[in-house]
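Structure, as structure tokens:
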Amino acid sequence: MQQRKIIIFLTALLILSSLWLSFVSQKMNDPDYQKNWWALYFSDPKSDNLDFAIENHSDKKDFHWEISVDRDKIKEGDIEIEKGKSQKLSFEQNLGNLENKKITITVSASDEKKEIYKNNE
Amino acid sequence: MNQILFFIAIALVMFIPGYFLLLAIFGKSQSVGALERFVISFGLSIVIVDFIAFTYSRLDISLTRWSSLLGALVFSSICFGVYKYQEATKPADSPLESGLSADTEKIRLFSFSKNQFILILLLLFLTVFIKSAYLSGTIAPTSTDMGHHMYWAKWMADNHQLTNYEGMPDFIIGEHIIFSEIALISGASFFSAFPPLVLFLINLLSILAVFILVLRVFENKNIAILTLLFLGVLYAVSSPQEKFVSGGVIGNIMGNFLLPLAFYFYYRTFDFLKDMGDAGRNNKMFLSLAVFVTSGIFFTHHLTSFILIFIALLLVPLFILVNYADIENIFKRSWKIILSPFVIGTLALGLFYFFFVFAPTYVSGSAVDTAVGAATKSTRVGLSITNIKQTVGEGRLALGFLGLFILLLSFRRKNFGYSIFAAWTIMLFIMSVYPNWLFIDLPSSRIGNYMSYPLAILSAYGFYSIFRPDSCQFLFGKVFCKQPQNALPQKLFKGFFAIVFTFVVAGGLSDSVSAFKTKSNSEKAVQTFHASSYLVPVTTGTDVILKDHNYLTADSWIKLFFMKGYKYPLSRGLFGRYESTGNRHNDTCTLDMISNPRGSEAQKCFSDTKTNIIMVNPLYDSAQFQRLPDFNQIYINNEVAVYHKTK
Numbered sequence: 015m016q017q018r019k020i021i022i023f024l025t026a027l028l029i030l031s032s033l034w035l036s037f038v039s040q041k042m043n044d045p046d047y048q049k050n051w052w053a054l055y056f057s058d059p060k061s062d063n064l065d066f067a068i069e070n071h072s073d074k075k076d077f078h079w080e081i082s083v084d085r086d087k088i089k090e091g092d093i094e095i096e097k098g099k100s101q102k103l104s105f106e107q108n109l110g111n112l113e114n115k116k117i118t119i120t121v122s123a124s125d126e127k128k129e130i131y132k133n134n135e
Numbered sequence: 031m032n033q034i035l036f037f038i039a040i041a042l043v044m045f046i047p048g049y050f051l052l053l054a055i056f057g058k059s060q061s062v063g064a065l066e067r068f069v070i071s072f073g074l075s076i077v078i079v080d081f082i083a084f085t086y087s088r089l090d091i092s093l094t095r096w097s098s099l100l101g102a103l104v105f106s107s108i109c110f111g112v113y114k115y116q117e118a119t120k121p122a123d124s125p126l127e128s129g130l131s132a133d134t135e136k137i138r139l140f141s142f143s144k145n146q147f148i149l150i151l152l153l154l155f156l157t158v159f160i161k162s163a164y165l166s167g168t169i170a171p172t173s174t175d176m177g178h179h180m181y182w183a184k185w186m187a188d189n190h191q192l193t194n195y196e197g198m199p200d201f202i203i204g205e206h207i208i209f210s211e212i213a214l215i216s217g218a219s220f221f222s223a224f225p226p227l228v229l230f231l232i233n234l235l236s237i238l239a240v241f242i243l244v245l246r247v248f249e250n251k252n253i254a255i256l257t258l259l260f261l262g263v264l265y266a267v268s269s270p271q272e273k274f275v276s277g278g279v280i281g282n283i284m285g286n287f288l289l290p291l292a293f294y295f296y297y298r299t300f301d302f303l304k305d306m307g308d309a310g311r312n313n314k315m316f317l318s319l320a321v322f323v324t325s326g327i328f329f330t331h332h333l334t335s336f337i338l339i340f341i342a343l344l345l346v347p348l349f350i351l352v353n354y355a356d357i358e359n360i361f362k363r364s365w366k367i368i369l370s371p372f373v374i375g376t377l378a379l380g381l382f383y384f385f386f387v388f389a390p391t392y393v394s395g396s397a398v399d400t401a402v403g404a405a406t407k408s409t410r411v412g413l414s415i416t417n418i419k420q421t422v423g424e425g426r427l428a429l430g431f432l433g434l435f436i437l438l439l440s441f442r443r444k445n446f447g448y449s450i451f452a453a454w455t456i457m458l459f460i461m462s463v464y465p466n467w468l469f470i471d472l473p474s475s476r477i478g479n480y481m482s483y484p485l486a487i488l489s490a491y492g493f494y495s496i497f498r499p500d501s502c503q504f505l506f507g508k509v510f511c512k513q514p515q516n517a518l519p520q521k522l523f524k525g526f527f528a529i530v531f532t533f534v535v536a537g538g539l540s541d542s543v544s545a546f547k548t549k550s551n552s553e554k555a556v557q558t559f560h561a562s563s564y565l566v567p568v569t570t571g572t573d574v575i576l577k578d579h580n581y582l583t584a585d586s587w588i589k590l591f592f593m594k595g596y597k598y599p600l601s602r603g604l605f606g607r608y609e610s611t612g613n614r615h616n617d618t619c620t621l622d623m624i625s626n627p628r629g630s631e632a633q634k635c636f637s638d639t640k641t642n643i644i645m646v647n648p649l650y651d652s653a654q655f656q657r658l659p660d661f662n663q664i665y666i667n668n669e670v671a672v673y674h675k676t677k
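Protein chains in written order, with the working numbering: chain E, 15 to 135; chain X, 31 to 677.
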């Protein structure tokens, strides 16, 4: 009888521990839970296409973006992105002749700045 | 729902087959107590499931959710059928049924006083609590070893077959089958908590396996309970406990469960020698199970197998030597067991599977050459006593050796368990401190980690020997203890050890406290995973990715996103590996392509390997790519920058 009680006690402990650790693991794998980061990337990294996306997992909401050709800024804008959301920005309109030029996308939020670029050679 | 499926999968893969095998062998006999059945069922199931998977592989049956379920259920049903048949054909006054067998006496072993019972529950609670608390900070999938192992488990689950590990001898099939089957049955993600939870369970079972082994050998509940303290509660986090669980050191964790379990079966096989009685059916069965678990070890972990062989090389001569006077009698009685059809059959089954059904990858000349020979590297020439202290804990080392000393002084030569404990400790000590004596060429620290198990047992034994009610007679003899002038020294002696014990407990607990991580690195890991997820749909079969192991968190898990081979993506390894003594000094391409992408060596490497995508930490490795016109920076977060080589 005592052995059974020990087994039941241990099994209950293990189940509770397992449930707790699974819950913690879920939270740790959640890109938003108690985390503060954001990502910037080209939608199509291998072509000349300049569409890009900002994926926000930070507490910041207000993002400012700029497109520069070599060092000249040709386009900019602001965008609000909630935590856990992403926003894709497309550029169907003509940005001019970009051949042999470096196109840089710079995105800033508060004091944090990130950039991606393509060398259109 | 996911959790329920996970628990069902655990039960089906890790408990039910073993439970029914025990039922088929021992029926409901009290020769194996309920707690023993609980612990043993897990160990047997792990091995049974391996053998079922090997059979599937040989018969070209896919490893799927349903075949995994069916394998476990069919095996369990057959065992249940055997049990029912034996029940139906058994004489009514069978000793197994009547409860009046010699084992009835042994049942009392598991009948604890109220205080002992409460203490067991308290120690189990503390063990689970401390380990869970540590794991709650480290449960995220970040460890390098776990990433490597889970790649193979996922590969088998995805491809529905066993793997040959691309010819690599470092991995052994038994380490991964249960993870594949649990994932197949439950549908759990390899990135979830399930891999460390399975290891956590096995780690707890290893402590319970030691508990039942100690209880049987010493037939003393207090020593067994103290073992729970020294192995479960104290040093609960340090290697090879929860640090190995969260670190994914699968082979070691499983080995530390299967090794004491094999010792338990070997001990039960020869426990009739204690009173030189006759061996019965159960002894033969225990030896069959011992052989079965031993073959399971050989299919699970090469280092544990290697250690088991060396322990046996000391254990057998030691037992023969101490029983030299009775050896003829012992052999006469033992041969009946060893040569029984059950034992021979199990041994033949193990050998048949080993050589003809699914040979482990380490069965090759190179693997043996790697492990045997004069040690060449500084990490293989043996540990110092300071290293051992750091590995097993200062207090446990001191008490453990005191326990060994007392064990040798009070050696019960016909008790096979005494020989097991002595051989287990002494051989591990020699292997880890003086490997050159045995021509062992393996990392000494990896062997040293195994010492915590036998030293915990001997700590408990040593501690109990000093504080047992008749300790004075036990340690110093009746004459000394009867003299009244010796009463004070006795009290001082015990007082001294009470202080030592306080230090041991404080040291063991503070070791766990210091091991707790202050901050989880899951935020870094999710960013690595996000970058990997980004690359999966935008890359094709012609793209070759190179990532950095030095500065990226959880980088070994990246390959689980692509599943294009164990060595995909390519990896810049630890810098030391490219130095003249490192294992990568002949192939520096992965170093050159990240560290100096502009250099001529790197250019040649890019051309040869077709590498065109680089994943690095932007803080350390961005500048060299930003200067190059043929690299586009296509992705960035706080931890990972991805570059695409355009030409």
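Cβ coordinates follow ideal geometry from the N, Cα and C atoms, glycine included.
Q | Contact the stretch 40-48 of chain X vs the stretch 206-224 of chain X: 3+ CB pairs below 8 Å | A | Contact holds: three or more Cβ-Cβ distances are below 8 Å.
**Q.** Outcome for X/S128 when other beta-carbon atoms lying within 10 angstroms are tallied against a minimum of 16
**A.** Its pLDDT being 40, under 50, X/S128 is placed unreliably by the model, and nothing is read from it.
Q: Run the CB neighbour count on X/F220, radius 10 Å, all protein chains shown included, and call it buried at 16 or more, exposed below.
A: X/F220 should be labelled buried.
(Q) So, does the stretch 576-592 of chain X touch the stretch 549-566 of chain X, judging by three or more C-beta pairs under 8 Å? (A) Under the Cβ criterion (8 Å, minimum of three pairs), the stretch 576-592 of chain X counts as touching the stretch 549-566 of chain X.
Q. Secondary structure at E/S91, three-state DSSP: helix, strand or coil?
A. Note that residue 91 of chain E is Gly in the sequence shown here, rather than Ser. Correct three-state label for E/G91: strand.
Q) For X/H674, which residues does DSSP report across the bridge? A) According to DSSP, X/H674 bridges with X/I643, X/N662.
Q) Are the C-beta atoms of E/K36 and some chain X residue less than 8 Å apart? A) Position check: residue 36 of chain E holds Ser in this sequence, whereas Lys was assumed. Closer than 8 Å: yes.
Q) Hey, does E/K132 have any beta-carbon neighbour from chain X nearer than 8 Å? A) Answer yes: the Cβ-Cβ gap between E/K132 and chain X drops below 8 Å somewhere.
(Q) Does X/K577 pass the burial test, meaning 16 or more other C-beta atoms within 10 Å, or should it be called exposed? (A) So X/K577 ends up on the buried side.
Q.
So, with DSSP's three-state summary, where would you put X/F295?
A. Taken through DSSP and simplified to helix, strand or coil, X/F295 comes out as helix.
Q. The stretch 60-79 of chain X: which residues have C-beta closer than 7 Å to a C-beta of chain E, in chain order?
A. Result list: G63, A64, L65, F68.
**Q.** Euclidean distance between Cα positions of X/F72 and X/T421
**A.** Answer to the nearest angstrom: the Cα atoms are 28 Å apart.
Q: Starting from E/V83, trace the alpha helix (DSSP H) both ways and give me its first and last residue.
A: No alpha helix (DSSP H) contains E/V83, which is instead part of the beta strand (DSSP E) from 76-83.
Q: Note down, in chain order, all residues in the stretch 150-167 of chain X with a beta-carbon under 7 Å from any beta-carbon belonging to chain E.
A: Hits within the stretch, in order: I150, L151, L154, F155, V158, S162, L165, S166.
Q: Can you grab the Cα-Cα spacing for the pair X/G278 / E/Q40, in whole Å?
A: Going by the C-alpha atoms only, they are around 18 Å apart.
Q. Using the beta-carbon count (16 or more within 10 Å), is X/P514 buried or exposed?
A. Counting the other Cβ atoms within 10 Å of the Cβ of X/P514 gives fewer than 16, which makes it exposed.
Q) CB X/I487 to CB X/T257, shorter than 8 Å? A) With a cutoff of 8 Å on beta-carbon distance, X/I487 and X/T257 are scored as near each other.
Q: Please state whether DSSP places X/A218 in a helix, a strand or coil.
A: Of the three classes helix, strand and coil, the one that applies to X/A218 here is coil, per DSSP.
**Q.** Nearest neighbour of X/K304, chosen from X/F248, X/V79, X/Y494, X/L522 [CA to CA]
**A.** The candidate whose alpha carbon is nearest that of X/K304 is X/F248.
Q. Going straight from the alpha carbon of X/R614 to that of X/Y483, what length do you get?
A. The alpha-carbon separation between X/R614 and X/Y483 amounts to approximately 35 Å.
Q | Minimum length 4: unbroken alpha helix (DSSP H) runs contained in the stretch 292-348 of chain X | A | The stretch 292-348 of chain X is shown to contain whole alpha helix (DSSP H) runs of 4 or more residues at 311-328, in chain order.
Q: Please report the Cβ distance between X/F591 and X/I450, rounded to the nearest whole angstrom; I am assuming they are in contact, meaning their Cβ atoms lie under 8 Å.
A: X/F591 to X/I450, Cβ: 46 Å. No contact.
(Q) Taking only three categories from DSSP, how would you classify X/T193? (A) Here X/T193 sits in coil by DSSP.
**Q.** Beta-carbon proximity of X/I203 to X/L99, cut-off 8 Å
**A.** The beta carbons of X/I203 and X/L99 sit no closer together than 8 Å.
Q. Closest by CA to X/T334, which one among X/T569, X/L345, X/G285, X/V530?
A. Checked all of X/T569, X/L345, X/G285, X/V530; the closest Cα to X/T334 is X/G285.
Q.
Measuring only from the beta carbon, is X/D651 closer than 7 Å to any heavy atom that is part of the ligand GDP?
A. Questions concerning the ligand GDP fall outside what the structure shown contains, since it holds no ligand whatsoever.
Q. DSSP state of X/L604, grouped into three classes?
A. Looking at X/L604 - three-state DSSP - the assignment turns out to be coil, as it is neither helix nor strand.
Q) Under 8 Å between C-beta atoms, does X/V43 make it to chain E? A) Cβ-Cβ to chain E under 8 Å: no for X/V43.
Q.
At a CB distance below 7 Å, what residues from the stretch 178-203 of chain X approach chain E? Give them in sequence order.
A. Of all residues in the stretch 178-203 of chain X, none has a Cβ within less than 7 Å of some Cβ in chain E.
Q) Are X/T324 and X/L338 touching if we call contact CB-CB under 8 Å? A) Their beta carbons are under 8 Å apart, which means X/T324 touches X/L338 by this criterion.
Q) Since E/K102 meets chain X, which of its residues come closer than 9 Å, beta carbon to beta carbon? A) Within chain X, no residue has its beta carbon less than 9 Å from that of E/K102; the closest one is some 13 Å off.
**Q.** Contacts that X/Q557 makes with chain E (C-beta to C-beta distance below 7 Å)
**A.** The contacting residues are W51.
Q: Find the residues of chain E that neighbour X/V568, judging by a C-beta separation of less than 8 Å, and give them in chain order.
A: In chain order: D58, P59, K60.
Q) What residues from chain E crowd round X/I666, counting only those whose CB sits closer than 8 Å? A) Per Cβ cutoff of 8 Å: A53, L54, Y55, K128, E129, I130.
Q) E/S138 and X/V158: beta carbons closer than 8 Å? A) Any property of residue 138 of chain E remains undetermined from this structure, which presents chain E solely from 15 to 135.
(Q) Applying the 10 Å Cβ sphere with the 16-neighbour rule, what's the burial state of X/I666? (A) Buried, by the Cβ-count rule.
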